[in-house]
Every structure is written in structure tokens, then in C-alpha cells.
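Participant: In my numbering, the protein residues as written are 2 to 339. For glycine and all other residues, C-beta sits at the position ideal for the given N, C-alpha and C. So that we are looking at the same thing, I have put the structure below in C-alpha cells.
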């Protein structure tokens, strides 16, 4: 008998469509397990324990919800289970996957986040398939750590490392690992390796509190971005997203208010640290990127912007000393470095 803890948190997988509106339902969460038992012939070899610490559409999630989820999992004593499955909405799935990956960086059992692109009653819904993949991963003892199984439309189910999952592309419901490097493929109840780690993680077990700072400002670049619009009161650090080539506007051609260089200067005067991500470290970089580095911005190299954001929240929530913050950010906690 295998024991699995299922943590319901809401999302589309725990929702129902009624009168043209999709919303969470008190009964739909447990429908997932009923469907599983109807479609999985060996379900009697599994015992599910269930908890529901929150019930929310994931677009309404804030980092404090991660603390609630983490505390509920820890209160359930996950070490007594063969694995943990967390049901979750798709909108903020990548961020929660990173949060759990960093916090449970030393977990000795598999923890998997399962979502659905449509409510479970919809004929196109992939929620049950994703759940079956998660269960099989636990039963077959494939590995430990935090993962996300997800079947895109027109594709077999892929297994993603939690800290490598990127948000869904615009106007689509498919999910990919950063650089398109899914960890495994799941087909006909078998797992096959797609992209093994390029290097063995040398990270130490780094215990952290489930404290996520609420004083990190995230900015996304776009043509015409006006930095004068941002109020830096109650901000400890800025994470500035970058274009795909690791760049952002460093020119004064259109005015100081459109230059990230001038914004970095303003942040420095107000004691606000500036971090940039994502960017792949290489021998050459664009002049604009070099200018930003010379101005004092810290680049979080070789990591998705979702992972960088969550890691900053944890760093500033756990440490006051800047050196400790940078050490934590630089450390490969859960194989998040590409």
C-alpha cells in the first residue's frame, strides 16, 4: 500500500463551469480522486489522505498563500508519505512550483504540482492525465524533489523540474521548461529521460523559513517604459525583467525617465537594490547590458525570471545582511541554474 498526501488548493482543476463562469467548488476538488479511481485499475494499492488549506483561483494568489500551503503540508508530516501531490491553478503555477522547490529543497520524497487546462468535466481537460502521471511517478519511485507533470495539447505528458517551469505563453495553455528542456516524458505508463542535468548540483541543504518578502518590486520592460511612474517607498529591491537577449533600455535618447541606467541611480540613492533576470552568462554581452552592470545592477544569471523572483522573495524574507542575500541567490539550491 502506497500512501499519498493530496493537497487541494483550488484552481481550474478544482473548479466547475456554471452559467458561463468558471469558479472553485467545494465538491470538485475531490472529484479528481473519484475520476482517478474510475480510470486507474490498481487504485486499491493507494491510500489518499487529503487536506485543503486554501481554495482559490490561482490568479488571486499572493505569496502569503505559499506560507499557508507550506505550513499545512508540514503539519501533515510529509515524511510519512510516499509522495505529495498539490493541485493548483495554471496562472501562477510556475511561481508556486519555484516556491515549493526552494523551500523543500532537501525533501526526500517526490512532490508534484498538478493542474488542468480546463475544468475536469470538459472533454479536453488534461487534469486527470496529469494526476495519473504524478501518481505513477510516486509509485515507480522515479526521484525526489519538486516536479510538475503537464500534457500540452497535441503532445505527450512531460515532467518538468519545479524550478525550471516557465509561465504559459500568451493566449495559450501549454507549459514548457525554460529553454524548452523538459526533464522527462511520460507515455504508456513509462518515464523516459529527455534532458538530464548538465551538472551535478553542489548545493548544501539550506533551511529557510517560509517567509516571503512583500517588499520586492518586479518590473517588465516594454518600449516606452516610464520609470518615473514607480514609487519606491516600501521597496527593498527591484527585480527587472529583461528582453530575451538579456537587455533593457540603457539609452538616454528618449529621456532620462526611459533609461534603466538613470532608474538604477535613483534606486541607489534610495537604498534599493536592483537585480536583473533572466540572462545567460556568456563571454560576450550587449553594450546595454554591460552598461547596466557597470551602473551597479546585479544580474541573476542562468535562471528563469519566475525562479529569480521567488528566490529574491525568500532571500529578503530570511536575511537582512546583503552578503547573505547574495550568497543565497548565487547558491544552486534545487538545480535551478541552467
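1. Please list the segments of the alpha helix (DSSP H) lying wholly inside the stretch 89 to 137, counting only runs of 4 or more residues, in order along the chain.
2. Let me confirm a value: residue 240 is counted as buried when at least 16 other C-beta atoms fall within 10 Å, else exposed. Which label applies?
3. Below 8 Å, can you find three or more Cβ-Cβ pairs linking the stretch 138 to 158 to the stretch 185 to 198?
4. On the criterion of 16 or more Cβ atoms from any shown chain inside 10 Å, does residue 331 qualify as buried, or is it exposed?
5. Start and end of the beta strand (DSSP E) containing residue 4?
6. In terms of alpha-carbon separation, which member of 77, 262, 38, 45 lies closest to residue 54?
7. Mind checking which residues open and close the alpha helix (DSSP H) that includes residue 318?
8. Measuring straight from C-alpha to C-alpha, what distance separates residue 204 and residue 95?
9. With distances taken between CB atoms, is the gap from residue 261 to residue 233 smaller than 8 Å?
10. I need the boundaries of the alpha helix (DSSP H) containing residue 67, first residue and last residue.
11. Whole angstroms are fine: how far does the CA of residue 113 sit from the CA of residue 190?
12. Relative to the alpha-carbon of residue 223, which residue among 87, 178, 250 has its alpha-carbon at the smallest distance?
13. Please confirm if the stretch 155 to 170 is in contact with the stretch 49 to 68, defined as three or more CB-CB distances below 8 Å between the two stretches.
14. How many angstroms separate the CA atom of residue 171 from the CA atom of residue 48?
15. For residue 100, which residues in the same chain have their Cβ closer than 6 Å to its Cβ, ignoring the five residues on either side in sequence?
16. Applying the criterion that 16 or more other CB atoms from any shown protein chain within 10 Å of the CB defines a buried residue, is residue 2 buried or exposed?
17. What are the complete alpha helix (DSSP H) segments, minimum 4 residues, inside the stretch 239 to 306?
18. For residue 50, collect the residues of the same chain with a Cβ closer than 6 Å to its Cβ; drop the 5 residues on either side in sequence, then sort them by chain order.
19. Quick check: the stretch 317 to 325 against the stretch 293 to 309, are there 3 or more CB pairs under 8 Å?
20. Are the Cβ atoms of residue 87 and residue 10 separated by less than 8 Å?
21. Are residue 217 and residue 277 touching if we call contact CB-CB under 8 Å?
Facilitator: This is what the structure gives:
1. 94 to 104
2. buried
3. yes
4. exposed
5. It spans 3 to 8 - the beta strand (DSSP E) in which residue 4 sits, taken as one unbroken run.
6. 77
7. 306 to 319
8. Caution is warranted here: a pLDDT of 47 is assigned to residue 204, below 50, making its placement in the model unreliable, and no coordinate value can be reported.
9. no
10. 64 to 76
11. 16 Å
12. 250
13. no
14. 38 Å
15. 67, 311
16. exposed
17. 261 to 270, 288 to 295
18. 6
19. no
20. The beta carbons of residue 87 and residue 10 sit closer together than 8 Å.
21. No, the pair does not count as a contact, with Cβ atoms beyond the cut-off.
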